[in-house]
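This report refers to the structure that appears directly beneath it.
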Amino acid sequence: MRTDLVSEPGDAARPNEDFAGVALPACGQGGCVIVLDGVTPPGGGTGCLHSVPWFTARLGGALTELTVSGRDLTLPEILAEAIRRTAGVHAGTCDLSHPRTPQATVALARWSAARVEYLVLSDSALLLRGPDGTVTPVLDDRLARLPRAALATEALVDTRLRNREGGFFTAAADPAVAARAVTGVLPRREVRALAALTDGATRWAETFREGDWAALFDVVAKEGARSLVDRVRALEDADRVERAFLGRGKTHDDATVVYAEL
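Just so we're aligned: the sequence shown equals residues 8 to 269 in our numbering.
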């Protein structure tokens with residue numbers, strides 16, 4: 008197995024809110040890839056004493072341990088338990104019912120000698136390449152399908168859409184959201200390589216329209232994860248003034264890419 012991982016903050020003066028991990032079970036067979044994109048809260052309170060990086064580190068750590076050791080658990084069960092564990096750490100000090108309690112998007116894959124399992128929650132992306140070179144994106148597009156008017160203000164999003172039916176879901180404090188994730192299982196022979204990315208890295212395809220998912224995958228596979236992030240940064244810098252490409256709340260976002268050849 009060959010892996011490549013890059014995770015870079017959008018602003019060097021701010022902590023990276025993403026989490027990325029690659030792990031192998033002690034038996035030496037199979038492995039897993041985990042990517043979380045911490046959701047940056049707007050100005051104002053979150054009901055929590057802790058930062059988004061604090062949350063993603065603990066959720067990511069729990070996911071890593073459970074994905075490697077809990078081979079009898081499904082990925083939704085693993086995500087639910089990881090959320091439950093993380094919530095339990097700060098339930099006594101924080102208001103976990105606050106709509107902006109620390110939360111994250113999730114892209115998770117696990118493989119064994121026989122199969123590849125995957126899970127995506129919210130707008131991180133997982134790309135799977137088959138033996139014939141075909142790239143299949145695994146996306147949770149509920150947020151992207153919402154009309155722009157529904158996303159006009161943060162207050163509107165928080166009261167009507169965030170972790171609500173008819174809106175979109177993130178990993179926050181409620182384990183039940185794990186059942187809302189996009190999941191699936193494929194025979195191992197059908198997946199030769201995969202890439203998990205936060206939306207700060209998928210901007211190359213989704214925002215700047217430099218190529219489709221297969222072209223993005225080729226950049227990572229042939230040039231490396233660092234090359235994709237560098238390309239995104241160059242595009243962001245070139246559009247810093249004009250802002251011709253809509254949908255960018257930040258000039259630069261945290262960008263994470265994890266690539267694995269199985």
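Glycine is no exception: its CB is placed at the ideal position from the N, C-alpha and C atoms.
Nearest neighbour of residue i, chosen from the options [CA to CA]
i	options	result
Arg-107	Ala-87, Thr-53, Val-96, Val-59	Thr-53
Phe-215	Ser-234, Arg-117, Leu-242, Glu-230	Leu-242
Gly-45	Thr-205, Val-239, Arg-238, Leu-126	Thr-205
Val-113	Gly-99, Glu-172, Leu-133	Leu-133
Trp-220	Thr-74, Ile-85, Leu-135	Leu-135
Ala-203	Val-96, Gly-137, Val-265, Ala-19	Val-265
Trp-61	Ala-245, His-259, Pro-22, Arg-240	Pro-22
Leu-35	Pro-48, Asp-102, Ser-76	Strictly speaking, residue 35 in this sequence is Gly, with Leu absent from that position. When only C-alpha atoms are compared, the closest one is Ser-76.
Gly-67	Ile-41, Gly-50, Pro-49	Ile-41
Val-145	Ala-111, Thr-190, Thr-166, Val-184	Thr-190
Ala-162	Ala-98, Pro-49, Val-226	Pro-49
Gly-99	Glu-72, His-57, Thr-160	His-57
Gly-140	Ala-111, Ala-222, Val-96	Ala-222
8 Å contact criterion, which residue i and residue j should meet: CB distance rounded
i	j	result
Ala-30	Gly-38	6 Å
Gly-17	Gly-207	6 Å
Ala-94	Asp-147	Going by Cβ atoms, the distance from Ala-94 to Asp-147 rounds to 21 Å, so no, they are not a contact pair.
Met-262	Glu-24	The residue you asked about is not Met; residue 262 is Ala in the sequence shown. That belief does not hold up - the Cβ atoms of Ala-262 and Glu-24 are roughly 11 Å apart, past 8 Å.
Pro-138	Val-59	That belief does not hold up - the Cβ atoms of Pro-138 and Val-59 are roughly 38 Å apart, past 8 Å.
Leu-115	Leu-70	7 Å
Trp-211	Arg-171	That pair is no contact at about 30 Å.
Leu-43	Thr-74	The pair is not a contact, with the Cβ atoms about 12 Å apart (cut-off 8 Å).
Ala-228	Ala-186	Contact doesn't hold; Cβ gap of about 33 Å is too wide.
Same chain only: Cβ atoms within 6 Å of residue i, ignoring 5 sequence neighbours per side
i	result
Pro-182	Ala-87, Ile-90, Arg-91
Ala-121	Arg-195
Thr-10	Val-29, Ala-267
Val-192	Arg-122, Glu-124
Pro-32	Val-75
Thr-209	Ala-132
Thr-184	Looking at the sequence provided, one finds Val at residue 184 rather than Thr. Closer than 6 Å at the Cβ level, and outside the excluded window around Val-184, lie Phe-176.
Arg-78	none
Glu-217	Trp-211
Cut-off 7 Å between Cβ atoms - residues of its own chain near residue i, not counting five sequence neighbours on either side
i	result
Val-164	Leu-158
Phe-6	Within the shown structure, residues of the chain are numbered from 8 to 269, placing residue 6 beyond reach of any answer.
Thr-258	Glu-243, Arg-247
Leu-103	Ala-94, Ala-180
Met-8	Gly-38, Ala-267, Glu-268, Leu-269
Arg-233	Val-13
Ala-245	none
Arg-47	The residue you asked about is not Arg; residue 47 is Thr in the sequence shown. Cβ neighbours of Thr-47 beyond the five flanking positions: Glu-24, Val-59.
Close beta carbons around residue i, own chain, < 8 Å, minus the five adjacent residues each side
i	result
Trp-118	Gly-37, Gly-38, Cys-39, Glu-124, Arg-195, Val-198, Leu-269
His-105	Gly-52, Thr-53, Gly-54, Cys-55
Leu-168	Leu-153, Ala-157, Leu-158, Gly-174, Phe-175
His-97	Cys-55, Leu-56, His-57, Leu-103
Cys-101	Gly-54, Cys-55, Leu-56, His-57, Thr-108
Thr-166	Pro-106
Please specify which runs of the beta strand (DSSP E), each continuous and at least 3 residues long, are wholly inside the stretch 35–118, giving them in chain order. Entirely contained in the stretch 35–118, the beta strand (DSSP E) runs reaching 3 residues are, in chain order, 38–45, 111–118.
Entirely within the stretch 113–190 and at least 4 residues each: give me those alpha helix (DSSP H) ranges in chain order. For the stretch 113–190, the full-length alpha helix (DSSP H) segments reaching 4 residues or more read 149–152, 161–167 along the chain.
How do the stretch 114–134 and the stretch 171–180 stand: do at least 3 beta-carbon pairs fall below 8 Å, yes or no? In this structure the stretch 114–134 touches the stretch 171–180; the number of beta carbon pairs closer than 8 Å is three or more.
Could you check whether the stretch 77–86 touches the stretch 144–158, counting it as contact only if at least three pairs of C-beta atoms, one from each stretch, sit closer than 8 Å? Output reads no: the stretch 144–158 does not touch the stretch 77–86.
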